[in-house]
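A short worksheet on the structure shown next.
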Amino acid sequence: MEFGWNPSMWASPVPFGMGHEKPGHFRDMARTWWKNRDQLEYATRILKDGVCDGCALGTTGIHDFTLDGVHLCSIRLELLRLNTMGALDPKHLNEVDSLVELSGEDLRELGRIPFPMIRYGGDRGFTRLGWDDALELIADRVRKIDPKRLAFYLTSRGITNEVYYGAQKVARFLGTNNIDNSARIC
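Just so we're aligned, residue 1053 is where the sequence shown starts under the numbering used here, counting upward by one.
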């Protein structure tokens, strides 16, 4: 195989698809790989074999049932780091006043919350809560709400159509018709 300039091998003479539907896609993919360099094998497995948690299109790995060929949308690439980042160090939540100055992006970079935490009025920070205690607290609060005042709102990240259906059934079981989601926005 010859190396060097070979225009017959180019998809287009226009670099990075500028002027086309996704002009920065190669740049976005490179940025995604860089952000996930500490978990590259895991990130590759998620993209290759996992489902997209950003929409309900039914992606299976890097293919979906909507488009022919490889489909790596920018949203899926952006969401990948949320799946590969490590756990948040709980000491960051001991004093929430120190978090006020951080941007949303800086807060996300702290990591994922690894276990239930609670902050009561007047507390300076959050304290760890066991799973059983957290679920019991939620159940107690839900039981005390008048079903007419109970509402659910689901965001699309990580939620498939089947999950929306199941959530709607749970809402109806709890006696409310107040359920909405952001699937029509994303």
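A virtual CB, placed ideally from N, CA and C, is assigned to each residue, including glycine.
Check                                                                                                                                                                     : Outcome
In its own chain, which residues sit with a C-beta less than 6 Å from the C-beta of residue 1177, not counting the 5 before and 5 after it?                               : 1145, 1146, 1147 and 1148
For residue 1085, which residues from the same chain have a beta carbon less than 8 Å from its beta carbon, with the 5 sequence-adjacent residues on both sides left out? : 1092 and 1095
Going by DSSP, what residues sit across from residue 1139 in a beta bridge?                                                                                               : 1164
Rounded to whole angstroms, what's the CA-CA distance from residue 1233 to residue 1200? Just pull it up for me.                                                          : 18 Å
With distance defined between alpha-carbon atoms, name the residue in 1220, 1179, 1090 and 1162 nearest to residue 1169.                                                  : 1179
Could you check what DSSP says for residue 1172 in three-state terms: helix, strand or coil?                                                                              : coil
Mind checking which residues open and close the alpha helix (DSSP H) that includes residue 1213?                                                                          : 1213–1225
Distance, Cα to Cα, residue 1165 vs residue 1140?                                                                                                                         : 5 Å
For residue 1159, which residues in the same chain have their Cβ closer than 8 Å to its Cβ, ignoring the five residues on either side in sequence?                        : 1151
Return the Cβ separation of residue 1202 and residue 1228 in integer angstroms, given the expectation that the two are a contact with Cβ distance under 8 Å.              : 4 Å
Going along the chain, which residues of its own chain have a beta-carbon closer than 8 Å to the beta-carbon of residue 1099, five neighbours each way excluded?          : 1113, 1114, 1124, 1128 and 1132
Got a sec, what are the start and stop residues for the alpha helix (DSSP H) residue 1181 sits in?                                                                        : From DSSP, residue 1181 is part of no alpha helix (DSSP H); its letter is neither H nor E.
Going straight from the alpha carbon of residue 1184 to that of residue 1194, what length do you get?                                                                     : 15 Å
What residues are listed by DSSP as bridge partners for residue 1204?                                                                                                     : 1231
Does DSSP put residue 1078 in a helix, a strand or coil?                                                                                                                  : helix
When you compare only the Cα positions, how much space is there between residue 1137 and residue 1175?                                                                    : 28 Å
In three-state DSSP terms, what is residue 1198?                                                                                                                          : coil
Just verifying my parser: in three-state terms, what is the DSSP assignment at residue 1120?                                                                              : coil
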